Structure formats: structure tokens, C-alpha cells
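Protein chains: 2
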Amino acid sequence: MTQSLHTAVIGLGSMGYGMAKSLLRSGHLTHGFDVTQSKIDRFIAEGGTPGRLLDVAPNLQAVVCVVLNADQTESVLFGKDGVAPQLSSGAVILSCATVSPDFAQEMEARCAALNIHYLDAPISGGAVKAGQGELSFMASGSSTAFAKARPVLDSLSKTVFELGDSAGAGSAMKATNQMLAGVHIAAMAEAITFAMTQGISPDTFLNVIRKCAGTSWMLENRAPHIINGDYTPHSSVNIWPKDLGIVTDIATAAGFAAPITQTALAQFQSAASFGLGLEDDAAVAKVYAHQAGLTLPGEDT
Amino acid sequence: MTQSLHTAVIGLGSMGYGMAKSLLRSGHLTHGFDVTQSKIDRFIAEGGTPGRLLDVAPNLQAVVCVVLNADQTESVLFGKDGVAPQLSSGAVILSCATVSPDFAQEMEARCAALNIHYLDAPISGGAVKAGQGELSFMASGSSTAFAKARPVLDSLSKTVFELGDSAGAGSAMKATNQMLAGVHIAAMAEAITFAMTQGISPDTFLNVIRKCAGTSWMLENRAPHIINGDYTPHSSVNIWPKDLGIVTDIATAAGFAAPITQTALAQFQSAASFGLGLEDDAAVAKVYAHQAGLTLPGEDT
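Top to bottom, those sequences are chains A and B. In our numbering, each number is its position in the first sequence, counted from 1, plus 260. In our numbering, each number is its position in the second sequence, counted from 1, plus 260.
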């Protein structure tokens, strides 16, 4: 049996909501918080515990922070009405946003000054796995932070990569994974449209490439969206200017040239500038199709 | 039982030699030809049939051409002492080099004028699978060309993708696969060195990424070469300026911008200019390491 904790999830987006539900299902007393009141209400209706964040904060043993980026993470933890100073000594914060390693280290130090534990805990796996409690965590932090977070990790994860004994390593690994994932999506888009210029249908492209050395996890996952002409956002174009921007910022700070990542980033920025930001990230293929005068499946001719 | 043919393999490099051995093992009467006499002698010693190419050509039912590029293919088939005009009507040529679709169509037309069948038949899988008769073919050509080539394909392949009824489609699909494969190798090199700047070891990189959305077939195949510091060329750096150059030439001719492919091509061109052309293609990581002042596994510090 997993130990039952008093927890809160801050940020009830597609990932956070699923994680909050997974914590509930595991028997944790769980609050859900968000800037949108209707999401809070919906979560309470499904079994979440009511209460204002600042009222319940002193009782929380673990806080899972699942917001968009570093700015939102800092605001939630240390901004006006930030939760970190309200927590009791010994509580743990699991910070799941994709941020720079430097930022994660700064958060860990500021939490330590309050006698709070901080786990650098970015996630991978998508909304469906969040709801199933089968995420992957790329985590780093002190052994105490891991121990305090363990019941939460057990409820949310299929795999926990333990990457080091201080914050930063988890975020560095997440940035590395995002770098590859983003490049592979854009490369798939470049290749599927290149193939179209040579008379190869998107369908044939996937059927052959998935069995050859040119395949990737992202290609097999995203190419079907293009074949079906379905750009319902499982993960949106707008994720990539943000995440690849974090990667190139980290690279620049380290004096590291990342030309392929920079080029993929530019393609996602083009996609966003064409008004595709809220579509599924496979819509980066529309940038290529537009440039080459191709008609993708499902598009009006 | 596979029908036994009288065949010849032209080009006894690492791929061609393995393919010639696979044809022998299947019971085909097989000649091997190469610009290097010692390779011919070695193949005869292992069971190949002796004879000068121009003497045996009228008797050949199938010719497998496994040379480096379009220039060599044209020279072997139609140059001085070229084999195509010496073949008997109804013979089939399987052309395996990576070439442009336009070139493949031109070869098919010139063969048709001689009443010879041409199968556009680029291959994927590497030298080991060539020797095991387990290659993948990305093939296109007339139904007669396929029928005549079938006993050879049966002896050499695990999978034959039949991509269309005329030459060009096979080469287009091969170019598409090479585009992705080359980009994924360079992206792996960019990511594994980026991770090193953040304190993540190449070992940890592979252990985590292979289980995450950032993985690719090429990443899992090539990253171990970097981890082991072993650049024995399974496939050399020099392949990629050639193959990605073919891709960008095709793209340019089609008015298609391929910025990620262009960027990966530039990284392989840098690797070649650093004198790494004959090393395994994973050595493109050395371009990144050199730029960032990193020491890869197995390098002297």
C-alpha cells in the first residue's frame, strides 16, 4: 500500500488534471487549484477536497506544481500569495514544468531556506498517461526530497529516472528530450512533404518509413495526424517555440551551438506566426506544404 | 523453392559482397565483379563463378548493380564496356545505388530501348543484413521487371516495398528515408553533446532517452558508438554529404525548401572537412564536441 498523503496539484491543465485524478484514485487527500474556477469546481465534484490554498497550505505534505513555464512556477511558489512560504517545514514541492536547470537550482535553494524540499521533476508522457498514473519523471533532488515525494511519484508514474542528488539534472534531461522530440516532429514534417513532392503519399510514407532506419517515436506518433488531416491538439504547436526556446537559451549560456534545434525552432515559430499555434504540433507540416504549394490530406484544394 | 538464375553482382563493396554471398547460398549461379581484382578472386574462392563480364553478359538473367552513386551506375551500365548493351533481351537489372528519381527514370528508358527490364531497387539494412539475405528493398518498376527480379529479391530481402509501376518511386522513397536517417544521426549528436554541457553523461543520455519520446531508430543504433568511443565505420561520415546532397538536389529541383536537412548536411560536411570522412557517421558528434570544448568518451584529454 502506498502511504496516503495530504496533497495539492496546482495547475489543472490537461496534464495537471489527469495527475490530480490519479492522486485521488490512489487514495491521497487531494486539492486541485487553477486560475480557472470552473476547473477547481469540476475537480471537487469528482472527489477533490475543497478549501482555499492559503488556508490548507500549512497541512499539505506534497505540492505538485504543473504550470506552463518558469515564470508561472515562480509566481505560484514565491509570488503574491505564493504557496511556498505558507507550507510547513518538511513539505515537498514537485515542480513539473519544463524550465532551465539554473532556474530549478534557484528554486531548490529558495525552498531550502524555508526548510522545504524541492524535487526537480519534469514529466513526459502526455495527458492520457497523466490520467492513468503512468507518466515518466526525469527527477533530481536530495534523497529526502525523493523520500518525501515517493508516495506521489508512485501514484503518478510508470518510470522515475533518478538523475542526481540536486535540482538541475532533471530539467537538463527534460530539455534534452524536448530538443530531440521537437526536432523529430519538424523532421517528420519536412520528410513527409518532401516525399509528397516526389509523388509518395503520406500513407505510403508512414507504412514504409516506420519499418526502416528513418523512423522515430515522434514520426510514428504524429505522422498519422497528418494522414488523417486531424489537428486536434494532443500537444500544440505553441509548446515548441517555448520548449525549444528554453533549449537554445540553455545552449547559448553554455556556449554550445545547436544549429539543427535552431532550425526546427524557426519552423515552429513560422507555424505559430501562420496562426497555427493552437493546433496539434503536426501542423508544422503546413509550413512546408504552404511553401511548396502542396495540399495536405483533409485540406480544401 | 526459389528459381535458380544466372546472375552477376557488380560492385563487391561491403553491401555488394554480402549480397553476392546471399545469392550463392540460395543456389543462383553467381558472378562477382569489381574494379578491385582481389575482391573478384576472393568471391570465386568462396564459390563464385569465374568469367569475364563481357563474355558472360549474354547469358545473364539478372544483374545486381551495387555501386556508390549515379555516375558509377551509368558507367557500369552504359559507359565504355558497359554491361547493358551486352545483355540479352529480357534480362533484368536491379539498380541498388541511392540516386535521384530522375536518373532512375532515365536508366529505365535507356534499358527499355534495349529490351532490358530495369528495377529501381535501392536497399536499406547494412552489410550484416546484406550477408544474411535480409535487406529491405524500396522498389519500383514494371510488373515484368518485378517478376524477372523476384528470385533475386527472394534471396536478398526480408521486405520488398513495391512502390509503383515505373522507376523513380523507389529512389524517391530511399531519398526520404536517408533524409530522416541523416537528420536523426546529426540530431542525436547535437543532443548527446548538449546533454554533456549540462553534466549528463552519454550513458545516462541513452538509458533515459531510449525510453522516452525523443528516441529514434538511429539514436539507439549510433549513440552506443559514441558511448564506447568506437568509430569503426559501420556506415561512414562520407555517406552523408553524398546522400543528403542527393536529397537537397531533388528538393531544390522540386522547389522545396528542406532547412533541417540542409543544416544536418552542413554538420556532416564539417565532419568530413575535419578529416573524419572515413570514420563511423556517429563521429559527427566530434564536430559538436570540438566546437563546445567537450571531451567525448575514448578521446585523449
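The beta carbon of each residue, even a glycine, is placed where N, CA and C say it ideally should be. As the structure is a prediction and not an experimental result, all values here were calculated from the model.
For residue 422 of chain B, the beta-bridge partners assigned by DSSP are B:399.
Taking a C-beta cut-off of 7 Å against chain B, the contacting residues of the stretch 358-386 of chain A are 361, 384, listed in chain order.
Bounds of the beta strand (DSSP E) holding residue 380 of chain A are 377-380. At a cut-off of 7 Å, the C-beta of residue 512 of chain B has no neighbouring C-beta in chain A. The beta carbon of residue 426 of chain A sits no closer than 7 Å to any beta carbon of chain B. Residue environment for residue 297 of chain B: exposed (fewer than 16 other C-beta atoms within 10 angstroms of its C-beta).
From the beta-carbon of residue 419 of chain A, the residues of chain B found nearer than 7 Å are 471. About 33 Å separates the beta carbons of residue 510 of chain A and residue 556 of chain A, which is beyond the 8 Å limit, so they are not a contact pair. Spatial neighbours of residue 294 of chain A in its own chain (CB-CB distance under 7 Å, excluding positions within 5 residues in sequence) are listed in chain order as 271, 272, 300.
Residues of chain A whose Cβ lies closer than 9 Å to the Cβ of residue 477 of chain B are, in chain order, 472, 473, 474, 475, 476. Boundaries for residue 473 of chain A: no alpha helix (DSSP H) harbours it, and the DSSP string shows neither H nor E there. Put simply, of A:311, A:401, A:278, A:537 the residue whose alpha carbon is nearest the alpha carbon of residue 491 of chain A is A:537. Flagged as an interface residue toward chain A: residue 441 of chain B, by a C-beta distance shorter than 7 Å. Residue contact with chain A for residue 450 of chain B: present (Cβ-Cβ distance below 7 Å to some residue of chain A). Of all C-beta pairs linking the stretch 513-525 of chain A to the stretch 509-523 of chain B, three or more are shorter than 8 Å, placing the two stretches in contact. In the displayed model, residue 363 of chain A falls within a helix according to three-state DSSP. Under the 7 Å criterion on CB atoms, residue 388 of chain A is classed as non-interfacial with respect to chain B. The beta carbons of residue 267 of chain A and residue 320 of chain A sit about 7 Å from each other, so the pair counts as a contact at 8 Å. Taking C-beta separations shorter than 8 Å and ignoring five residues to either side along the sequence, the partners of residue 371 of chain A in its chain run 337, 344, 353, 377, 378, following chain order. Counting only residues of its own chain and dropping the five nearest sequence neighbours on each side, residue 357 of chain A has a CB closer than 6 Å to the CB of 327, 329, 333. Chain-ordered, the chain B residues with CB closer than 8 Å to the CB of residue 396 of chain A read 471, 472.
Membership of residue 308 of chain B in any beta strand (DSSP E) is not indicated, and neither H nor E is assigned to it by DSSP. Counting along the chain, residue 338 of chain A sits inside the alpha helix (DSSP H) bounded by residues 330-338. Exclusion of the five residues before and after residue 403 of chain A leaves 425 as the residues of its chain whose Cβ lies within less than 8 Å of its Cβ. Nearest CB-CB separation between residue 326 of chain A and chain B: not below the 7 Å threshold.
In this structure, the straight-line span from the alpha carbon of residue 534 of chain A to that of residue 553 of chain A is close to 15 Å.
Under the three-state reduction of DSSP, residue 354 of chain B is assigned to strand. Beta-bridge partners of residue 292 of chain A (DSSP): A:269. Within the stretch 400-418 of chain A, not one residue has a Cβ closer than 7 Å to any Cβ of chain B. Interface residue (Cβ-Cβ distance to chain B less than 7 Å): residue 519 of chain A is classified as such.
Distance from residue 469 of chain A to residue 419 of chain B at the Cβ level is roughly 12 Å; contact not present, criterion being Cβ atoms closer than 8 Å. Following the DSSP letters along the chain, one finds residue 427 of chain A in no beta strand (DSSP E), marked with neither H nor E. Beta-bridge partners assigned by DSSP to residue 325 of chain B: B:270, B:355.
One alpha carbon belongs to residue 307 of chain A, the other to residue 412 of chain A, and they sit about 17 Å apart. Residue 281 of chain A sits buried, since 16 or more C-beta atoms from the chains shown fall within 10 Å of its C-beta. When the beta-carbon positions are compared, residue 483 of chain A and residue 466 of chain A come within less than 7 Å of each other.
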